[in-house]
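Colleague:
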Amino acid sequence: MAMENDSSVTEFILTGLTENPELQLPLFVIFLVNFVATVVGNLSLMSLIFLNSNLQTPMYFFLFNLSLIDLFYSFVFTPKTLMSFVLEKNRISFMGCMTQLFFFCFFANSECYVLTAMAYDRYVAICQPLLYMVIMSPRRCSLMMFGSYLMGFAGAMVHTGFMIRLNFCDSNIINHYMCDIFPLLQLSCSSIYANELVSSVVVSIVVIASSIIILMSYALILFNIIQMSSGKGLSKAMSTCSSHIITVALFYGFGVLTHIKTSSVDQGKVFSVFCTFLLPLLNPFIYSLRNKDVKLAIRRTLMRLTVS
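Letter by letter, the sequence shown follows residues 56 to 363 in this note's numbering.
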């Protein structure tokens with residue numbers, strides 16, 4: 056992919072979340088705290104999984120990758136967003152903007168596929184418990200993760216490649232805190248039909264494919280749960296799936312709200328904030344607070360640190 060275009064625009068200006076001077080400092084503090092908590096939360100969860108042998112299972116392998124994506128995802132937007140609160144004009148070069156767009160698409164698409172893999176993992180764990188370690192072998196889990204990152208990379212390349220082909224020769228002010236697809240398309244002075252078509256096709260493939268697998272997995276899980284006569288087995292199945300269900304609901308729910316076209320640009324920014332800032336923060340806490348294995352690993356780790 057040649058990173059060149061014929062635009063006269065060499066840089067963009069990000070308007071940020073608000074132009075109200077009174078809100079700049081409070082928002083800077085809030086987003087800085089959010090960023091620190093996101094980094095600490097995801098690094099802590101990744102460290103627990105890596106250091107505790109009882110978490111060396113396929114489920115936590117996928118969770119490790121989910122935290123890894125959330126960790127890097129937060130670095131894509133937060134530095135520029137924090138700068139927008141302290142600089143009069145938050146500038147980003149054309150190449151910097153395309154790079155941010157690429158990593159945004161890469162991590163967002165990859166997270167879709169990782170959540171899909173986690174749904175399949177839960178299906179195997181509950182519906183095929185005796186064959187779980189055979190079906191979810193280390194090789195298969197690694198291939199699933201490699202496929203998730205590869206498909207995320209392919210989708211990001213398509214989005215970014217078609218964006219680079221556009222001409223930006225009028226305004227260079229992006230009414231957003233990041234280089235997202237639709238705010239950039241609004242600035243193009245060339246035809247955006249191909250971009251809109253490609254965006255619709257790629258997003259539809261990602262969302263429909265992952266949604267079908269997730270829904271089928273949970274439909275089979277629900278059918279299996281209904282057949283369970285043991286209350287203990289039912290409770291264990293529900294606790295096993297609850298964290299993933301919450302994560303999927305938040306991810307897809309706010310993702311849909313973000314991409315619904317509304318008359319209010321600010322409303323779109325608010326929904327986007329939930330996807331790009333709050334979800335990477337919430338995921339490690341969702342899986343930690345609702346998971347007995349993680350709680351046990353935390354206690355063991357703290358005991359080791361106390362003894363040493």
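Quick reminder that beta carbons are idealized off the backbone N, C-alpha and C, glycines included.
(1) Helix, strand or coil: how does DSSP classify Ser108 here?
(2) Just the C-alpha distance for Val325 and Phe201, rounded to the nearest angstrom, thanks.
(3) Could you check how far apart the C-beta atoms of Glu66 and Phe149 are, in whole angstroms? I think they sit under 8 Å.
(4) For Cys152, tell me which candidate among Gly216, Ala274, Ile181 has the shortest Cα-Cα distance.
(5) Taking just the CA atoms, how far does Ala304 sit from Leu344?
(6) If you drop the 5 nearest sequence neighbours on each side, which residues of the same chain put their C-beta closer than 6 Å to that of Asp125?
(7) Rounded to the nearest angstrom, what separates Ser265 and Ile301 at their Cα positions?
(8) Can you tell me whether Val181 is buried or exposed? The criterion is at least 16 other CB atoms within 10 Å of its CB, across all chains shown.
(9) Going by CA-CA distance only, name the one from Phe237, Phe223, Met114 that's closest to Ile177.
(10) Whole angstroms is fine: what's the gap from Ile161's alpha carbon to Phe127's?
(11) Tell me, to the nearest whole angstrom, how far the beta carbon of Thr70 is from that of Asn230; I am working on the premise that it is less than 8 Å.
(12) Using the beta-carbon count (16 or more within 10 Å), is Gly308 buried or exposed?
(13) With a threshold of 16 other CB atoms inside 10 Å of the CB of Pro134, please say whether the residue is buried or exposed.
(14) When you compare only the Cα positions, how much space is there between Ile219 and Glu143?
(15) How is Leu69 classed by DSSP in three states: helix, strand or coil?
(16) Looking only at its chain, what residues have a beta carbon closer than 7 Å to the beta carbon of Pro238, apart from the 5 residues adjacent to it on each side?
(17) Return the chain-ordered ranges of every beta strand (DSSP E) run that is complete within the stretch 67 to 152 and spans a minimum of 3 residues.
(18) So, is Ile267 buried or exposed, given that buried needs 16 or more other C-beta atoms within 10 angstroms?
(19) Could you check if Val189 is buried or exposed, using at least 16 other CB atoms within 10 Å of its CB as the buried criterion?
(20) Can you round the beta-carbon distance between Phe158 and Val131 to whole angstroms, since I take them to be within the 8 Å contact cut?
(21) Which same chain residues, not among the five before or five after Leu121, have their C-beta less than 6 Å away from its C-beta?
(22) Give the C-beta separation of Val261 and Val213 to the nearest angstrom, bearing in mind that I take them to be a contact with Cβ-Cβ under 8 Å.
(23) Which residues does DSSP pair with Ile228 in a beta bridge?
(24) Tell me whether Ala57 sits in a helix, a strand or coil according to DSSP, three-state version.
(25) When the Cα atoms are used, what is the spatial distance from Asn107 to Val349?
(26) Just mark Asn75 as buried or exposed, buried being the case when its beta carbon has 16 or more other beta carbons within 10 Å.
(27) According to the Cβ coordinates, are Gly207 and Ser165 closer than 7 Å?
(28) Under a Cβ-count criterion, where at least 16 other Cβ atoms within 10 Å of its own Cβ denotes burial, should Gln241 be classed as buried or exposed?
(29) Residues in the same chain with beta-carbon distance under 6 Å from Phe140, minus the five sequence neighbours each way, listed in chain order, please.
Modeller: According to the structure shown:
(1) The answer is helix: DSSP assigns Ser108 an H, G or I state.
(2) Here the C-alpha atom of Val325 lies approximately 32 Å from the C-alpha atom of Phe201.
(3) Contact flag correct, Cβ pair sits at about 6 Å.
(4) Comparing Cα positions, the closest option is Gly216.
(5) Between Leu344 and Ala304, the C-alpha separation is close to 17 Å.
(6) The answer, listed in chain order, is Asn97, Pro335, Asn338.
(7) Rounded to whole angstroms, Ser265 to Ile301 spans 16 Å at the Cα level.
(8) Checking the sequence, you will find Ile at residue 181 rather than Val. Counting C-beta atoms within 10 angstroms of its own C-beta, Ile181 has 16 or more neighbours from the protein chains shown and is therefore classed as buried.
(9) The amino acid occupying residue 177 in the given sequence is Arg; Ile does not appear at that position. Scanning Phe237, Phe223, Met114 for the CA closest to the CA of Arg177 turns up Met114.
(10) Reading off the sequence shown, one finds Phe at residue 161, where the question assumed Ile. Cα to Cα, Phe161 sits roughly 11 Å from Phe127.
(11) 5 Å between Cβ atoms; contact.
(12) Per the 10 Å Cβ criterion, exposed.
(13) That one is exposed.
(14) Using only the alpha carbons, I get a separation of about 27 Å.
(15) Leu69 sits in a strand when the DSSP states are folded into three classes.
(16) Sequence-distant partners of Pro238 (beyond 5 residues in either direction) whose C-beta falls short of 7 Å from its own C-beta, in its chain, are Ile229, Asn230, His231.
(17) Taking only runs of at least 3 residues, the beta strand (DSSP E) segments lying wholly in the stretch 67 to 152 are 145 to 148.
(18) Exposed, by the Cβ-count rule.
(19) With fewer than 16 other CB atoms across the displayed protein chains lying within 10 angstroms of its CB, Val189 is exposed.
(20) Approximately 5 Å separates the beta-carbon atoms of Phe158 and Val131; this is inside 8 Å, confirming the contact.
(21) Apart from sequence neighbours up to five positions away, the residues of its chain that approach Leu121 with a beta-carbon distance below 6 Å are Val169, ordered along the chain.
(22) A Cβ-Cβ distance of about 11 Å is found for the pair Val261 and Val213, leaving them out of contact under the 8 Å criterion.
(23) Looking at the DSSP assignment, Ile228 forms a beta bridge with Ile68.
(24) Any answer about Ala57 is weak, because its pLDDT of 45 lies below 50 and its placement is not dependable; what the coordinates show is given next. Residue state, collapsed to three classes: coil.
(25) Cα to Cα, the separation comes out at about 9 Å.
(26) With fewer than 16 other Cβ atoms within 10 Å, it is exposed.
(27) In contact: Gly207 and Ser165 (Cβ atoms closer than 7 Å).
(28) It counts as exposed.
(29) So the list reads Gln79, Leu82, Phe83, once near-sequence residues are dropped.
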